[in-house]
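Shown next, in structure tokens, is the structure this report addresses.
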Amino acid sequence: MKKISILCIALLSLVACKKTETPAPTPVTTTGTSTGDYALFSSDQRVMLTGTVASSPSGANRAYISNTALINDNFISGSLIDMGSVSLNGTAFQKNALSTPNYYSDSTYSAFSAPFNWVIG
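Its first residue numbered 166, the sequence shown is counted upward by one per residue in the working numbering.
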């Protein structure tokens with residue numbers, strides 16, 4: 166019995182002491198700025214409730230690409246990029262909507278259902 170116990174302890178000590186080499190992690194260097202473009206493609210469906218009467222759904226649909234980071238889905242004035250033509254499910258969006266250069270919006274206020282098919286020109 167003592168031989169089996171000693172053999173088990175010796176075997177465990179060999180297995181437990183086995184060391185594996187793990188490479189040191191590569192340090193990440195950051196400059197504090199991010200680059201790239203940031204986009205928002207949004208399609209909201211809204212219904213107004215007046216008393217107990219619900220209006221038919223209308224949409225609030227918009228799209229834009231910014232060359233600066235979006236904060237709470239908001240862009241910085243002058244940062245929007247021209248996308249050419251934009252449409253959602255076959256409905257063309259108006260460019261420069263709300264008097265904002267390169268801001269695209271659906272002037273028909275359509276209420277779209279999934280699946281959404283965005284086409285960017």
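Heads up, the beta-carbon is just placed ideally off N, CA and C, and yes, glycines get one too.
Looking at the secondary structure, which residues open and close the beta strand (DSSP E) in which residue i lies?
i	result
Y203	203 to 211
N226	223 to 231
L253	251 to 253
I241	Premise fails: I241 is in no beta strand (DSSP E) and is neither H nor E.
I285	283 to 285
Grouping DSSP H, G and I as helix and E and B as strand, with all else coil, what is residue i?
i	result
S264	helix
In terms of DSSP beta bridges, what is residue i paired with?
i	result
L214	A219
S270	R227, Q259
**Prompt:** Using 8 Å as the Cβ pair cut-off and three pairs as the minimum, do the region 212 to 220 and the region 249 to 256 touch?
**Reply:** no
**Asked** Counting pairs of beta carbons, one from the region 260 to 279 and one from the region 222 to 232, are three or more of them closer than 8 Å?
**Response** yes
**Prompt:** Are the region 233 to 247 and the region 202 to 211 touching by the rule of at least three beta carbon pairs closer than 8 Å?
**Reply:** yes
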